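Keeping their order, the protein sequence lines are chains A and B.
When you line the first sequence up against my numbering, it's residues 27 to 184, in that order.
When you line the second sequence up against my numbering, it's residues 6 to 738, in that order.
Ideal Cβ positions, reconstructed from N, Cα and C, are used throughout, including at glycine.
This one's a predicted model, so the numbers in the text were calculated from it and none came from an experiment.
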Amino acid sequence: MENSMIEQLVGDLSRDLVTQVAPQELPLFRANSEVFFRNPDELAANRTSKDDMLGFGDGGIVVLITPVVLMVTQQVVMFVMEQAKKSAQEQGSTLIDESVKKMFKKFRPEDGKKPSPLTAEQLAQVRKVALKKAQELKLSDERAKLLADALVGSLAIA
Amino acid sequence: MLQPEPQPAGGRPRLNPFAFPSDTDFRFILLIVSVLGASLFIYSAVFFSIPITSHYWLSVQLRCLEIRPPAPTDLQSFADPAFIAARVAFEQCRAPAERANALWIVGCVALLLIVAGLIYWTFPERQIRRDKLVPLSAEDAPEVVDYLTKLSRTMKLSPLPVFLWNPLNPASGGLAFGRLGRYYVSLTGGLVTQFYTDLPAFRAVVLHELAHLRNADVDKTYFAVSVWQAFLMAALLPLFLTLFGNEWGYVFSIIWRVLALAALVYLMRNAVLRTREMYADVRASVWDGSPDALAKVLESLPRSKGRNWTLLWQVHPDPGHRREILEDPSRLFPMGIWDALATGIAAAIVLPNLIPLLIALFTGTSSSGGESLAAALMIAPLVVGVVGLGTWRATFAALARGKAPHGVGHLGVGLGLGILLGVTLSFSTALTAGTTEALSWSEIFFNIAWNMLLLVSLFFFLRWIAAGASAWLEVAIARPSPRIFYILGLTIAGGVLAIWLGLLFYIRGLGVTIVFLLASPLGMLWSIVQHPLTLLLLISLWAYPLTAWFSRRRVALDSGSSWAFLTSGPQEPMLIRPAPLRPGLAATLGVIVGLVFCGLLLLIRIGLRMSVPEAVRNTDEFRMAFFLAQIGIAALLQMGVAALVAGWVKRLGVLHGLFAAFVSGSVMTVGLLGLNLAFGGTVDLTFAWNTFSQVVNEGALLALPAAWVVAWLAELARSARGRLRLLSQEQVA
Chain A
27 MENSMIEQLV GDLSRDLVTQ VAPQELPLFR ANSEVFFRNP DELAANRTSK
77 DDMLGFGDGG IVVLITPVVL MVTQQVVMFV MEQAKKSAQE QGSTLIDESV
127 KKMFKKFRPE DGKKPSPLTA EQLAQVRKVA LKKAQELKLS DERAKLLADA
177 LVGSLAIA
Chain B
6 MLQPEPQPAG GRPRLNPFAF PSDTDFRFIL LIVSVLGASL FIYSAVFFSI
56 PITSHYWLSV QLRCLEIRPP APTDLQSFAD PAFIAARVAF EQCRAPAERA
106 NALWIVGCVA LLLIVAGLIY WTFPERQIRR DKLVPLSAED APEVVDYLTK
156 LSRTMKLSPL PVFLWNPLNP ASGGLAFGRL GRYYVSLTGG LVTQFYTDLP
206 AFRAVVLHEL AHLRNADVDK TYFAVSVWQA FLMAALLPLF LTLFGNEWGY
256 VFSIIWRVLA LAALVYLMRN AVLRTREMYA DVRASVWDGS PDALAKVLES
306 LPRSKGRNWT LLWQVHPDPG HRREILEDPS RLFPMGIWDA LATGIAAAIV
356 LPNLIPLLIA LFTGTSSSGG ESLAAALMIA PLVVGVVGLG TWRATFAALA
406 RGKAPHGVGH LGVGLGLGIL LGVTLSFSTA LTAGTTEALS WSEIFFNIAW
456 NMLLLVSLFF FLRWIAAGAS AWLEVAIARP SPRIFYILGL TIAGGVLAIW
506 LGLLFYIRGL GVTIVFLLAS PLGMLWSIVQ HPLTLLLLIS LWAYPLTAWF
556 SRRRVALDSG SSWAFLTSGP QEPMLIRPAP LRPGLAATLG VIVGLVFCGL
606 LLLIRIGLRM SVPEAVRNTD EFRMAFFLAQ IGIAALLQMG VAALVAGWVK
656 RLGVLHGLFA AFVSGSVMTV GLLGLNLAFG GTVDLTFAWN TFSQVVNEGA
706 LLALPAAWVV AWLAELARSA RGRLRLLSQE QVA
């Protein structure tokens with residue numbers, strides 16, 4: 027799968043997730059995703075509130091979920107790709123790119139040829155991967171679970 | 006224009022801090038002036054470190070030394086026309102070299118200002134680059150853009166600010182910056198999300214930043230910072246180059262002064278910025294219609310963790326303190342003694358550097374001699390703009406809350422101590438401090454006396470400003486705006502301080518010599534006493550506060566105020582009803598004592614005519630002694646009437662006493678001159694002026710301390726009586 031295609035997929039999925047779990051961050055999404063795909067470290071850099079002249083003062087930090095969503099989604103897409111690769115090798119198929127995309131509800135056609143959806147075990151694994159990554163990125167347990175559930179929910183089920 | 010907010014139910018209405026201009030405006034100017042003042046010395050040092058310019062200056066001075074008249078051995082020789090002519094020729098000979106030095110300094114300061122201007126102009130671009138700001142577009146957040154545009158229009162900001170943001174910044178905050186005619190407000194990504202989750206908080210923060218624009222904080226702040234940065238580049242760098250090859254003692258004395266100046270500028274800037282934040286909070290809360298939303302945001306901010314002194318390094322006050330100010334802006338009104346001290350330091354850093362520049366500029370011209378006064382005229386209005394305005398504000402807040410103005414004199418002491426410290430910190434002192442040998446006893450006494458005079462006079466000066474403010478605020482409260490009253494009051498106070506500081510620094514320049522000049526018959530004491538400026542100064546003391554009495558009828562008719570409070574609806578009246586001014590009583594007593602003097606003088610003259618032979622009466626010695634005795638009696642009687650009135654009148658007793666002394670002095674002068682004519686003498690204009698200025702000025706100089714002591718004793722007696730009455734009432738109850 028080409029990088030641009032992965033980025034496109036991660037971007038689209040992440041936007042949907044942000045719409046679901048933190049719609050107030052939608053205005054920030056474009057800029058955050060651009061920087062994420064260009065230099066993820068820049069996005070992860072810890073920004074602190076400053077005591078600037080004629081500013082408002084140390085207003086504290088708002089925990090933004092968008093960077094976390096992007097990172098977790100990327101992790102999940104990579105995981106799903108691996109699963110799709112395994113499945114393709116077993117079935118002798120070469121169209122991995124399209125099948126990965128179609129594993130997500132958003133891109134799954136209503137009719138025509140559909141790839142096999144993930145199994146319940148695989149979905150549980152996806153949830154585990156998402157939860158672990160979200161917790162690594164210091165998201166609260168509650169929000170991490172919400173995000174992991176939303177991600178699992180975006181995948182097609184058998 | 007501020008829209009009055011509804012009066013809070015139950016709570017006290019908030020005092021309007023925008024009724025007076027903030028003293029921080031003048032503090033910014035003073036900060037800039039003190040930096041420029043320090044650069045005057047630096048550029049002079051650079052002038053003398055460049056071989057071509059220093060050689061030119063030295064060669065001219067050496068050439069002129071040949072025609073320099075020898076120093077007079079006695080005081081009378083100072084008035085010798087030959088000596089004066091030789092002195093003028095010498096001054097005119099060296100004038101081109103002095104002027105070249107002065108013009109070099111002025112040119113370099115102009116260059117520094119150009120550098121500062123460039124820094125100021127390019128500040129926004131650098132800020133945008135540093136914070137990675139981009140325009141907040143409708144493509145990303147259409148609702149937010151629409152809301153901000155409407156908000157700016159509602160607040161009638163012109164020009165409308167450009168909104169920028171950094172969507173990657175999760176902090177919750179805003180920032181106002183820009184340059185003349187182009188202003189920006191930047192928002193963080195974190196704040197923009199609050200538009201959707203907590204609109205009142207978002208609105209409160211944005212209004213705070215817009216309030217900075219409306220309060221015109223941006224230009225002042227960034228220009229002051231630019232001047233400092235330009236000073237570092239265009240003044241300190243050349244100064245350090247000139248230090249190579251100098252003695253270590255001199256280098257050390259310069260370096261610690263640079264560090265002290267940097268600390269002063271940094272701390273004073275931060276103090277001013279902290280105050281501006283509180284003004285922005287108050288304006289934002291007025292725009293919002295209530296302080297609640299902003300108070301809630303402030304409550305959520307992390308409290309400052311450090312100790313109190315660490316707050317000095319921050320540009321925002323502790324959120325808890327900001328909330329207190331928001332709820333009760335009257336806390337913004339009083340001025341702290343540290344602010345007065347910093348003002349004094351900043352002013353005194355400039356004065357000793359400015360005076361030599363003016364001396365160099367006017368060497369050999371007819372304008373030379375008044376340099377101290379000219380320098381004081383430039384600096385005193387700024388000092389009064391800070392401390393005087395602070396006194397007006399403190400007086401207003403005290404009166405509005407039903408209290409008497411308190412602690413104003415301490416501000417004067419703080420200002421005086423600041424001036425003493427500033428003189429020490431001034432770069433020009435580094436030259437004298439490095440070269441002066443151990444001070445003689447007379448110099449030590451002179452310095453102590455000068456310092457005491459400065460402190461005591463400024464203590465009373467600030468109390469006098471408060472007295473004038475309290476008298477005129479009573480009138481201003483019933484008018485649509487207090488503007489004309491404080492402008493007039495501060496202008497008069499600025500003039501008085503300029504004359505006084507000019508005289509003090511002139512005396513300081515003369516040093517111990519002044520003692521001999523004052524003691525000599527041809528000395529300055531008489532010329533100071535008879536000087537029209539002295540008369541003007543003494544009359545100003547009582548005339549400015551007491552003329553408020555003429556507007557008393559108007560005050561009685563009005564009760565509310567349209568500007569004193571931020572609230573609308575029925576206003577809380579001025580709670581304090583100070584005792585009335587009584588210039589009529591003072592004038593009556595003054596006339597009576599004046600007439601008593603005339604009667605007494607008539608009797609003395611008749612007695613002398615009958616008992617002293619005409620031959621004795623016609624001698625110069627007798628005439629002089631008689632004239633001086635008349636002046637002495639007149640001054641003593643004025644002192645008496647001033648003390649009587651000061652004890653009698655409850656409010657502004659000292660000033661009433663001075664007025665009574667002036668009235669009685671005027672009557673005495675008329676009587677004295679009239680009786681002189683009646684008894685065969687002559688009167689010309691010069692004699693009349695000399696008599697009048699001596700009677701009135703000497704009377705006032707004697708009356709001032711006497712009236713103050715009596716007024717103080719009377720006040721003590723009144724409060725003791727009040728306590729006794731209270732005690733007896735309690736016992737009865």
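- With 16 or more other Cβ atoms from the protein chains shown falling within 10 Å of its own Cβ, N21 (chain B) counts as buried.
- Using a Cβ-Cβ cut-off of 7 Å, M79 (chain A) is close to T226, L278, V320 of chain B, given in chain order.
- The beta carbon of S40 (chain A) sits closer than 6 Å to those of V95, L96, T99, all from its chain and outside the five residues before and after it, given in chain order.
- The Cβ of Y201 (chain B) sits closer than 9 Å to at least one Cβ of chain A.
- Runs of alpha helix (DSSP H) with 4 or more residues, each lying fully within the region 63-147 of chain B, are found at 86-135, listed in chain order.
- If you check the CB distance, A553 (chain B) and G473 (chain B) come in under 9 Å.
- Contact note: L458 (chain B) does not reach chain A at a C-beta cutoff of 9 Å; the least C-beta distance is about 40 Å.
- When DSSP states are grouped into helix, strand and coil, T193 (chain B) belongs to the strand group.
- What N29 (chain A) touches in chain B, judged by beta-carbon distance under 8 Å, is nothing: the nearest beta carbon there is about 22 Å away.
- Of all residues in the region 42-58 of chain A, those with a C-beta nearer than 9 Å to a C-beta of chain B are A48, P49, Q50, E51, L52, P53, L54, F55, R56, A57, N58, reading in chain order.
- In the DSSP assignment, A620 (chain B) falls within the unbroken alpha helix (DSSP H) covering 619-622.
- When secondary structure is reduced to three states using DSSP, A176 (chain B) falls in the strand class.
- Following the DSSP letters along the chain, one finds F602 (chain B) in no beta strand (DSSP E) but inside the alpha helix (DSSP H) bounded by residues 588-616.
- Annotated three-state conformation of R308 (chain B) is coil, per DSSP.
- Counting C-beta pairs with one atom in each stretch, the region 180-190 of chain B and the region 232-249 of chain B have fewer than three that are closer than 8 Å, which means they do not touch.
- Assignment of beta-bridge partners to V167 (chain B) by DSSP yields B:Y189.
- B:E332 is the residue among B:M283, B:L266, B:E332, B:L278 whose C-alpha sits nearest the C-alpha of D297 (chain B).
- In this structure, V89 (chain A) keeps its C-beta atom at 9 Å or more from the C-beta atom of V106 (chain A).
- Within chain A, the residues whose beta carbon sits less than 9 Å from that of S177 (chain B) are S75, F82, G85, G86, I87, V88, listed in sequence order.
- P172 (chain B) places its beta carbon 9 Å or farther from that of P49 (chain A).
- In this structure, L196 (chain B) keeps its C-beta atom at 9 Å or more from the C-beta atom of W292 (chain B).
- Residues of chain A whose Cβ lies closer than 8 Å to the Cβ of G42 (chain B) do not exist; the shortest such Cβ separation is about 23 Å.
- The shortest C-alpha to C-alpha distance from D84 (chain A) to any of B:L356, B:H321, B:W62, B:G652 is the one to B:H321.
- In this structure S669 (chain B) does not touch V654 (chain B) by the C-beta definition: roughly 15 Å separates them, more than the 8 Å allowed.
- The alpha carbon of V270 (chain B) has as its nearest neighbour, out of B:V688, B:V675, B:L35, B:Q699, the alpha carbon of B:L35.
- Take the alpha-carbon of G254 (chain B) and the one of L248 (chain B): they are about 11 Å apart.
- The beta-carbon of L69 (chain A) is placed less than 9 Å from the nearest beta-carbon of chain B.
- Only those residues of the region 94-107 of chain A whose C-beta falls short of 7 Å from the nearest C-beta of chain B would be listed, and there are none.
- Pairing N456 (chain B) with L425 (chain B) gives a Cβ-Cβ distance under 9 Å.
- Minimum Cα-Cα distance from L460 (chain B) among the listed residues B:I497, B:G414, B:W469, B:A471 corresponds to B:G414.
- For H326 (chain B), the enclosing alpha helix (DSSP H) stretches over residues 324-332.
- For S44 (chain B), the closest alpha carbon among the candidates B:V232, B:A666, B:A24 is that of B:V232.
- Distance check between K164 (chain A) and each of A:A176, A:D77, A:P93, A:M31 places A:P93 closest, using alpha-carbon atoms only.
- Using a Cβ-Cβ cut-off of 8 Å, V61 (chain A) is close to L173 of chain B, given in chain order.
- Excluding residues up to 5 positions away in sequence, L212, L215, R219, W292 lie with their Cβ nearer than 8 Å to the Cβ of M160 (chain B) in the same chain.
- A direct Cα-to-Cα measurement between N452 (chain B) and V51 (chain B) gives close to 31 Å.
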